[in-house]
Amino acid sequence: GMAVLIVSHQLNLVARFARSVVLLHHGRVVAAGSPDEVMQAPMLERVYEWPLVVSRDPAIGAPSLVPLRRKTLRGQSVATEFPNIFP
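Residue numbers for the sequence shown, in this note's numbering: 1363 to 1449.
Structure representation (structure tokens):
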């Protein structure tokens, strides 16, 4: 047999190709199992501290993650909301 270890933050890619997933948070395992078992919105929102929706990839039925915008205060810009994307 053959095993491949992939380390990635691209969870949609991981869900498409991996049979088993280990989710780490600050270097500790917080979930392990199939993509369907691990990629649940409540767990991922706690780890990534960001709201998201888990749907299904229409091509293969794997979990597909869609990050949502955080609720904003009046006058708050996208640049403030996404500081790592818009420096």
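Glycine included, each C-beta is placed from N, C-alpha and C at the ideal position.
Practice task
Answer yes or no: do S1370 and S1382 have a C-beta to C-beta separation smaller than 9 Å?
Solution key: By one-based count along the sequence shown, residue 1370 stands at place 8. By one-based count along the sequence shown, residue 1382 stands at place 20. Cβ distance not < 9 Å, so S1370 and S1382 don't count as in contact.
Can you have a look at V1376 and say buried or exposed, based on whether 16 or more other CB atoms are within 10 angstroms of its CB?
Taking the sequence shown and counting its residues from 1, one reaches residue 1376 at position 14. Label assigned to V1376: buried.
Note to self: Considering Cα atoms alone, identify which of Q1402, I1422, L1406 and W1412 is closest to L1430.
What the structure shows: Along the sequence shown, read from residue 1 onward, the residue named residue 1430 stands at position 68. Comparing Cα positions, the closest option is W1412.
Where E1407 and L1414 are concerned, what is the direct C-alpha to C-alpha distance, given to the nearest angstrom? On the sequence shown, position 45 is the one that residue 1407 refers to. On the sequence shown, position 52 is the one that residue 1414 refers to. Computed Cα separation, rounded: 7 Å.
- Query: Which residues mark the beginning and the end of the beta strand (DSSP E) in which V1384 is found?
  - Reply: For the purposes of this step, residue 1384 is taken as the residue at position 22 of the sequence shown. Here the beta strand (DSSP E) through V1384 covers V1383 to H1387.
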